[in-house]
Every structure is written in C-alpha cells, then in structure tokens.
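Asks: Protein chains in written order, with our numbering: chain P, -7 to 286; chain Z, 52 to 326; chain E, 21 to 298; chain V, 708 to 991.
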Amino acid sequence: MSAVPTDSNKLRASIKAGELEVSHVSKSYGDATFRTEVVRDCSFKIERNKLTVMIGPSGCGKSTLIRLLAGFEEPTSGTIAINGQPVSGPGRDRLVLFQESALFPWMNTWDNVMYGPRARGEVTRETTELAEFLLNKVGLAQFRRKYPTQLSGGMQRRAELARAMINNPAVMILDEPFRGLDAMTKVLMWEYYAALFEETRRTNFFVTTDIDEAIFLADRLLIMSNIPTQVRAVLEIDLPRPRTQLELVENDRANEIKMQALSILHEEAMKSFSRGSKAAADFVDAYSKRVSKS
Amino acid sequence: MFTYRFSKWLRSPTPYLMLVGFALFFGAWFLLSEVFKFWRFASLPGPRQLLVEWFNPNPVYGMSLYTPDYYMHVWMSLRRVLYAFAISTCLGVPFGLFLGWSKAFKEFTFPVFETLRPIPVLAWVPLAIVMFKGDETPVIFLTTLASFYATALNTMLGVQSIDPSFPRAAACLGASKWQIFRHIIVPGALPFIFTGLQISIGVAWFSLVAAEMVSGEYGLGYLILASYVNVQYVVIIIGMVSVGIVGYASSALVRLAGDYLMQWRVRELALGSGR
Amino acid sequence: MSAVVASGVAPRPRPGQSIFRHHLVRAVISLATFLVLWEIGSRLKLPWVGDVPPPTVVMNAWLPLLSDPGYWYSWVQSSRRVLSGFLAAMLIGIPFGLAMATSRVFNDISFPVFEILRPIPPLAWVPAAIIFWPTQELSIGFVIFLGAIFTIMLNVIGGARSIDIRFFQAARSMGSSNWDIFRRIILPGVLPSIVVGMEVGIGITWNVVVAAEMISGGGGAIKSSAGGGLGFFIWNSYIGFSYPQIVVGMISIGIAGYISSAIIRRLGLMVTPWSRTR
Amino acid sequence: MNAPAAVAPAHATKGAIRIQNVDKVYYAREGAVQAVSDCSLDIRAGEICMIVGPSGCGKTTLLNAIAGFHDITGGAIYLDGDMLCGPDKPKAEPGPDRVVVFQNGALFPWKTNLENVAFGPVVQGKLTRAQAEEKARGMMADAGLVGVEHNYPGEVSSGMRRRVEIVRALMNDPKVLLLDEPFRALDSLTKSVMHEALLEIYYKNKVTIFFITHDLEEAIFLGHRVAIMTTRPCKPKKILEVDIPHPRNYSVLTSPRFRSLMEETVNAVHQEAVKAFEAGEKEM
C-alpha cells in the first residue's frame, strides 16, 4: 500500500471539535390518556475536546436522550444546541455508534467507511487518503474486502469507529458500544479507544451501565436518575491519562470515585425499585450486597 | 390495552385510507363493468350484480346465500380440505419430526421426498384419476399431497431451528432419547409446525380448486368452472369470493389454534423482546 | 477462519469414509429402493400402484419422445408462459411492494385490497381470465402472473420492513438523501427477501401453468384444440390412454421446475454475495 | 445472608476430574482444525476451577468433551477415578452427575420456571411430579426466586433466568457443575448479584465447579484455582492458586493479595489475548 501521507497531527488539525448544550429538555411519549414521561427537565453540557460519560441504570432513558442528541427525535420541550446553533434533525456533526453494529451487511469494510463521503458526493483524493489512514489506524487494512459477518465483534466496532471518524463529526456519540464484547476484548477496546481519543481530542459522549468502563474512559461523569431521567450528579475524573486497567484497580482515587458514583446510583435504584421496575430490582440486589460487605 | 390501541387506530388516518382503497377498487370495477362497459370489462359482472345475485332470496341462477345448493358446494369443498388437512397433518408432522431428528432416517427418505417435490401437484391430476377410481379420492389425494409437502418441510425446519443446547441440557438432566423427543423436540418445533400448517391449508385450497375443476362432481372449484361453461358469469364471481372467504377463515382458525397452544410465545412476544 | 493444524502433528484420518461419500451412498440407495418398489408394485398390480406404468415402461416410452420435436416444443411453450408471467409479476410486484413498504399512505390504501384478493386461489381466476382476456395465451399468462405476484410482494414488504432502523439512522446522520437511502440501503437490504420470493414464486408458477394448460387446453369442460405445453401434453396423454407418457410429462415438468429454481438460487447468490458468508 | 463456616475444598469427597493428554480435532469441510492438543489438568473434588483464555481458543470444546456432547480424538478424561471417555470410548455419556449451564441459557421456554427446575428428577423417574415440584419450590426459595415459579422464562429478567438454570442443575445434586461463561450476557451489576448467589449455592452444596470465563476479575474472585489457557489449540499455560480464604465477599476486590493476583493473571493472559485480537479470531 502506498505510504500514507496524513499523520496524526495533521488529522488532529483537521478536527473542529464541537460543544453540545442541552437545556431543560423533556421528552414524553403517548397522548393525553397514556402519557409516559422518559426525560424530565434535563440540562447538561458536553464540553469541547472532552470525553463525557453518562452512566445510569439500564432502562433509565439514556437511549432516548441519545436519539434526541442525534436528532432522530424532537424533544417535547427544551432545546439542544451544537456550537450555539439549535439542532434540527440528524447531521454529520453528531454521529452515533449503536449498541449493536450498524455496519451495512451488504457492503465490505471499505465501502462502509466510504459511505459518508460518497453519500455527500465529497469523494476527493484527500478523503480516500483519510479513509486509507483510518483503516490502517484501526488495524483493518487487510480486511477491507471482507463483509461485516466475516469480522469478529471487536473488529466490527473498530470498522464502525473508522466509518464515523472519516466524516469528521463535531461530537461522537457512543451508546454502550462495547457491551456485546467478551471481557478481555472489552478491556483492550477501552485502552484502544482511550488512546484514539487522546490522539484526536474530538468531543466524545459515551453512554454505559458499567462503572469500571465509565471511570476508565471519562474526563467528566454524568450520573443519571432513573426514569424519568435527569442529571443527578456530575463528577470530574481527574485521573491522569493514559490509564490502564491495573492502575485503576490499585489507584485509591479511582476506587473513591467508584464508590461515590455507586452510592448515587444506589439511591436512584431504590426509588425506582419501589415502583417495581425489574431491572432496578436486580440492581438494588447487587448493590446492597456489594456495599454491605465492603 | 386493546381499547387504547383501537382508539389510537381510529384517530390515525389508516382506517380512512383503507376505505379510500376499497372505494377506488370497487368503484373502478363498477364503473368499468356496469356503467361504461369498457372494452373487455363488459363481459364481466360488476360488484352490484354480484351483490344482488348473492343476497337474492331466489337468485336467477339458483346460487345464493339462501339456496341449499350453494351451501352444499361450500360444504363439499370444505369437507375435502378438512380431510386432506387432517391426513397431511397426521402424516406430515411425524414425518417432518423424524426427518429433523434422526440423521439416518433423513438420509434414506429425504432424497425421494426432494425428487418428487418439484413435480407440480397438479401434474398428478391425471395419474391420480388413474390410480384412484371414483371422483372423491383423487381430489382428496391431490389436496393431501400438496399440504403434505408444506407440513413435512416446515416441521423439519422447526426441528433444525431448535438451539442444540436444549437437547443437550435435557440429556444432562438425565432425559432419555425418547423423553428428549417428547419434551424438547416437539414443543421446540411447534412454532415452525404452525407456520407449516398455515401454508399447508393455503396450498390445500390452491390445489383443491384446480382438482375440482378438472375432475370434481361438486365443490366450489367445480361450481366456478361449470358456471363458466353454462355462461352464468355472476356465479363464477360468487364462487371465487366464497373460496376466498372460506379459505381465509380456515387459515385464521389454524392461527388461533397456534396461539392457544403456544401460550409461552404469546406472553413472551407481548412483553416485547424477552429481557 | 480455521487455523491450519499446528505443531506438525498429522491428524489421524477420520475412521471410515469421508463425510461427502457417506451421504451420497445413502441417497443412491434410497432412490434405487423407491424405483424397485415402484417396479414390483406396478408389475404385481398392487392396489393404487397397479395401474401406474412401471419405471422401465416409462423409460422406453420416453426414448422415442426425445427425438420428437413436438415434445420439446411443449417444454418451450410452458417455459415461455412461466417466464412471461413470472417476469410480469416481478416487474409489477417489486416496485409495488417497495412503494407499499416505503410510503405509509400508499400502503394504507392498497394493502387492504391486496389482502382481500390474496386468499382467492390463483386457479379460481382461470374462467374469469378466459372471459376477460382476448387470447388464451394472455389468460394463462394472467393467472401465472397472479400466482407469483402475491408471494413476491409479501416478501418485498416483509424484507423492507425487517431492515433495522439503525441502518436508516446511520445513513441519515451521514448526510444521505432519500434517494441515496433508497438506492444504497433499502434496495440491497430487500434483495435477499426478493430472491426468496422469487424461489417460492417460481414453484407456484409451475403449478399454475400445468393446471391452466390442462383446464384451458381441454381439461374439464372447455373444448379447444389450442394450448400446448407440458400441462396439455399430460392431459392429452391421459385422454389418449397412453399412461406412460403421463408419467414422462410429470417427470419432465419436475425437471423443468427444478432447473428454474436452481437458476434462481444461483442468480440469488450472485446478486447477494454477502449473504453467502453468513 | 450469613455464610456458613469456612469451607475448605479438601473434605469434599466427589467430583474430582482428571483430564489426561486430551486431543480434539474437528474435521470441517475446509480441513482439519486442532481445537485441543495434549491438554492435561487435574480438578480437585469440591473445588471451583476457573478456565480462562481468549475467545475461540477451544475452552468450550473441553467442556463439551467432559459433558459428553463431543468425542475426543486422543487422551482420556476421568471423574472420581472412573473413565468418562478415552481411547476405546471416545464419547462420554451425558448424565446428571455433570450438568452444564450454557452461555446463552437453555431454560425450556415452553415450560414454566417451576416445571423447568423439576424437569430433571421427573424425567429420571426419581420423584413424582408433585414431589419434584415441592423440592423445586424449596430450592428456588433458597436462591431468592420467590413469586416467579409460574412465569415463563421469557417473562423474567436475565439475572433471574440464570439463577433458575443453576437451581435446575442442582436439583439433580450433580458431582460437577460445568459453567460456560454463564454471566457473559449480563450487565456488570447483575453479574455481581450472580457471583454472590453462586458462592452461596456453592457453600450449601459443595459441588465441583468447572467455570469457563473471559472476565479475569470474576475468575479470581470466585476460583480456588485459575487455569490460564493458550490460544488455539488450547492447553493450560499456567495454573494460579488463589489463596484467598472462602467464604469471600466484595471487600476481597480491594485487598492487596487480590490486586497482585490480578496483575499476574493480566500479564499471563495479555499476550494470548493480543494474539487472538490481531488475528481477529472468531468465536469457535
């Protein structure tokens, strides 16, 4: 393959990281008789060049918030602005990585990555070079002709990262992207993804239910209440980067943050547990055992 | 919950568009056949003529909802389909279960099954008449053959669709081969079996109509063709509509039986994706 | 991706035969026993099978036919009818199905009408088709068209609806226009189900063409010398009491049906290379 | 939930597995694949033995061989001295002494939870249906599964389904529980519930546990010993003694001994994981 001219700092220069502002957003479904409120008066900011992680018990409305940020749905009230401009519908400035892979099964890896530029008719020598560079970056250069079904879970995730990055989004939104992977590949993906973020410093918004994943990746941690969801607490994670799994196990500051976040999550779960939500019941069960023992 | 969905459905545009669709279809048919008598449509009876004849206490051609002959034809066809459906289910389901369950059985019988399957069922008509004397048996044989293929094949697919860890788990729990067959293979294959039964009743009606046209004495297929020969064109449409209604009703019954027998699927689907 | 056997240890050959040969042997045995039973049954005049000509008789009734152009001509006619009816069903069915899958309004208008027509078996349309269409060729073609179109449309609608919404969202946020989404998401996404619809549809069309040729070619009460095609060939042999030719006709249609669905399966794999890797 | 007195594996009598130079070669169409090569491992009676290794390295093949779902093409496997499978009997007989809990769960969706749990003894003819359901009700209550007896598996949360499956296995008081990444599909907090529940069940039933996992924290937290396997073909690369006393609880996670064991395992596993990661090894 030809030597790839674009190098990391050139890539970093081309990125115009964005800032997302969510103010008093609410979202509910159904009409007057059967209203279910999913998001209530939720306000937070996703700062430029920062990796913001959102954590909350499963089924608390995080995915709804993601659909609002990405513009797939309109909020019932409140506004979402990117770099000051109000958001209207999906756009290349906010790209989403879903929980299950959304690679087009009928396109090989190269066509998947090139989908964005081709859709917008922006195929130039420079974009093909960037695609080449990104494919090398995610280690899939020799898998370009393979179809998604021929790639392992970890490789599909990396291909999807490349497909999103080529469109140079102002904000990258990830919805529990590593949930399906086995524990070992997951940790490797954490390290890989954190290094990638470190290099590009693109604004990232990462959603998860796994507290260890949140602490490993986050600059800022948003802890969400249960449904109807709103921001319960914001923790600054001032751990040095690059972080490794081993360090975090031994680092007292990391464990302290972990316990702090868990106790907030526990309060939230107790509230919804009284309302009989199945997921919350499991959560409370798990948490009470953990806290009472340690 | 049902009332909520129904009231939501009423407020959405769907029912009104449905009426628009029906209006367009029947309106066009009416205008072309009865009003303008346009081109070839002239020879076809219009919806109004159909309804008049069908609901007429003493119809012109003796075939309406009030005449016993009409119900005799319907019953003859229905009886044949029920016979064929019963035979094909009793033969097809066990055959399909063994095809899926034992590799040896499949390797010996499936080649013959597969070589005979491409032969269109209706190509058997003359041979059926030769093989089975009389009028009734050939028609029932043909209808049974058609639905037998569908039932056996889908039952086999049902057995193959079962996650291999189920029979293994049962084996671990000490179940014998026969107990695994009864407790795991049959209930596991049930969803596919019912898909097969629905297809098979549809195919049964498909072949019955043709078989009746070619060799039947009574039945809706025979009625449709005979009324063409006797130039009673309205009765053709009555026959077609009746076959459609009875066919739809019988497959709806099979669907209901399926839902009743597979409570666990109904409750699981109702909860959305199983947690 | 299977790794080649490591550490140089040559794996012991599998005891007995290789998988492939084992499977074939049993297939041959089962077909042979079927033919032998058929032969004995017919020779001994057992009930049912007694009147059916045995395979040996059928074989030497088939040999002279191979050189008879009339026999091959009936192949050509049936295939032409199947092809024309099938292509018409595809050309109309696929766009209609896609339109119904993509536009909610169009679907709400036309799907109910589609649903009330679907339960009527295609062959119930034969008399009405004969009345309506000027030539017999057109009426048979119309019935074949009806036989295939319902299956194709159902598969197209089902296929389009089963495309995961994530793909639309991903494409939309990467800035694709509606046309772009149709061309590069909906079409490829629906393709596998179209192929399935075609495979099932071709099976139905062969069933319909045989019956239509029989019924309109003199079967039942319609007296007309026109027609031709394998269905007519079988009916003609029946009327002419040459029973072996009936069986020859049946087997020929079976082969024709098998070849056409094999072609469609081959076509399907070519058109959807990614499904092969599943 | 107070844990019973300290439980040492030594005094358990049944459930010792000896794996001796086992080989397993698959004959796929595109050629032979060596899944297990010359693998030897001794699992003591009543011990929790964790099997750790990268995805697709053949761990499940080993489990299937012990359970009797596959044959082996070399070596032998013994349970409490008598041979399960070996040179003259390549395939073991599945039986209630070695019950498997599957990765994606194998509760029969068409039977209620209670019928599932009572299935074993009823099918073996050991108990009548009424007796079996009575015992099942008791064991489910022990595992905190009250009120879900008459639901279908599809109607309860995934954490609960896992517990029902474990209870179903224990109804036959097996010598060995074979677990194939049972908690992989659960989110991390439900997983911690399952760890506690499994330990509790283990303390009450003293059954040998052969546990396959990718999650190192889970391996060290639960296991008496952790066997780290190489990438395909799998064979034990290193056996780690986890000398943290049972009964264990979550405070163990932050103890220094746990951290050093964790470090040892991560290093041992890391090269194997990266090798698999690069080759894009798909699950076998």
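For glycine and all other residues, C-beta sits at the position ideal for the given N, C-alpha and C.
Under 7 Å between C-beta atoms, does E:Ala121 make it to chain P?
Replies: No, no contact with chain P.
Asks: For V:Arg932, name the three-state secondary structure that DSSP assigns.
Replies: strand
Asks: Tell me which residues share the same chain as Z:Gly129 and place their Cβ nearer than 8 Å to its Cβ, disregarding the 5 neighbours each side in the sequence.
Replies: Going by the sequence as given, residue 129 of chain Z is Leu instead of Gly. Excluding residues within five positions, the ones whose Cβ falls inside 8 Å are Val297, Ser301.
Asks: Residues in the segment 786 to 809 of chain V with C-beta within 8 Å of chain Z's C-beta atoms, listed in sequence order?
Replies: Pro801, Gly802, Pro803, Arg805, Val806, Val807, Phe809
Asks: Could you compute how far the alpha carbon of V:Tyr910 sits from the alpha carbon of V:Ala799?
Replies: 28 Å
Asks: Would you mind telling me which residues of chain P sit closer than 7 Å to E:Pro208, beta carbon to beta carbon, in chain order?
Replies: Trp98
Asks: By a C-beta neighbour count over all protein chains shown, 10 Å radius and 16 as the cutoff for buried, is Z:Cys141 buried or exposed?
Replies: exposed
Asks: At 8 Å on the CB atoms, spell out the chain V contacts of P:Gln237, in chain order.
Replies: Val973
Asks: Alpha carbon to alpha carbon, how far is V:Leu877 from Z:Leu224? Give it in angstroms, no decimals.
Replies: 10 Å
Asks: Cβ closer than 7 Å: which chain V residues qualify as neighbours of Z:Trp315?
Replies: Pro816, Trp817, Tyr859, Gly861
Asks: Tell me the rounded alpha-carbon separation between P:Leu308 and P:Tyr185.
Replies: The structure shown does not extend to residue 308 of chain P, since chain P is modelled only from -7 to 286, so the question has no answer here.
Asks: Should V:Gly738 be flagged as near chain Z, meaning a C-beta pair shorter than 7 Å?
Replies: no
Asks: What residue does the alpha helix (DSSP H) around Z:Ile235 start on, and which one ends it?
Replies: Here Z:Ile235 belongs to no alpha helix (DSSP H), and DSSP marks it neither H nor E.
Asks: Could you tell me whether the Cβ atoms of V:Lys945 and V:Ala975 are closer together than 7 Å?
Replies: yes
Asks: In this structure, how does DSSP classify P:Pro78 when only helix, strand and coil are distinguished?
Replies: strand
Asks: CB P:Gly108 to CB P:Ile158, shorter than 7 Å?
Replies: yes
Asks: Please name the residue in Z:Glu268, Z:Ala261, Z:Gly270 whose C-alpha comes closest to that of E:Ser236.
Replies: Z:Ala261
Asks: For the segment 188 to 213 of chain E, list every residue whose C-beta sits within 8 Å of some C-beta in chain P, in sequence order.
Replies: So the close ones are Gln189, Ala190, Ala191, Arg192, Ser193, Met194, Gly195, Ser196, Ser197, Asp200, Arg204, Ile205, Pro208, Gly209, Leu211.
Asks: What are the boundary residues of the alpha helix (DSSP H) that V:Asp849 is part of?
Replies: 836 to 849
Asks: Which of the residues in the segment 151 to 184 of chain P, read from start to end, lie with their CB under 7 Å from any CB of chain E?
Replies: Asn159
Asks: Using the three-state DSSP reduction, which class does V:His995 fall into: helix, strand or coil?
Replies: This structure leaves residue 995 of chain V out entirely; chain V is present only between 708 and 991.
Asks: Name the two residues that bound the continuous alpha helix (DSSP H) containing V:Phe826.
Replies: 820 to 831
Asks: Rounded to the nearest angstrom, what separates Z:Ile170 and E:Leu51 at their Cα positions?
Replies: 16 Å
Asks: What residues of chain P sit near E:Trp255, judged by a beta carbon separation below 8 Å?
Replies: Chain P residues near E:Trp255: none, gap ~46 Å exceeds 8 Å.
Asks: What's the call for E:Ile279, buried or exposed, on a 16-neighbour Cβ count within 10 Å?
Replies: exposed
Asks: Just checking, does the segment 86 to 100 of chain P make contact with the segment 30 to 49 of chain P on the three C-beta pairs under 8 Å criterion?
Replies: no
Asks: Counting only Cβ pairs nearer than 7 Å, list the residues of chain Z close to V:Asn879.
Replies: Leu224, Gly225
Asks: Would you call V:Val730 buried or exposed, if buried means 16 or more other Cβ atoms sit within 10 Å of its Cβ?
Replies: Residue identity check: residue 730 of chain V is Asp in the sequence provided, not Val. That one is buried.
Asks: Just by C-beta distance, which residues in the segment 242 to 253 of chain P are closer than 7 Å to chain V?
Replies: Glu242, Asn247
Asks: Have a look at E:Ile112, E:Ala276, E:Ala231 and flag the residue whose alpha-carbon is nearest the alpha-carbon of Z:Thr166.
Replies: E:Ala276
Asks: Under a CB-based cut-off of 7 Å, is V:Ala813 close to chain Z?
Replies: Closer than 7 Å: yes.
Asks: For P:Ile203, report the span of its alpha helix (DSSP H) as first-last.
Replies: 203 to 209
Asks: Looking at C-beta atoms only, is the number of pairs between the segment 67 to 87 of chain E and the segment 264 to 274 of chain E that lie closer than 8 Å three or more?
Replies: Enough Cβ pairs lie closer than 8 Å, so yes.
Asks: Three-state secondary structure (DSSP) at V:Asn728?
Replies: strand
Asks: Since Z:Ile138 meets chain E, which of its residues come closer than 9 Å, beta carbon to beta carbon?
Replies: In chain order: nothing, as chain E lies at least about 15 Å away.
Asks: Determine, using beta carbons only, whether E:Arg186 comes closer than 7 Å to chain P.
Replies: yes
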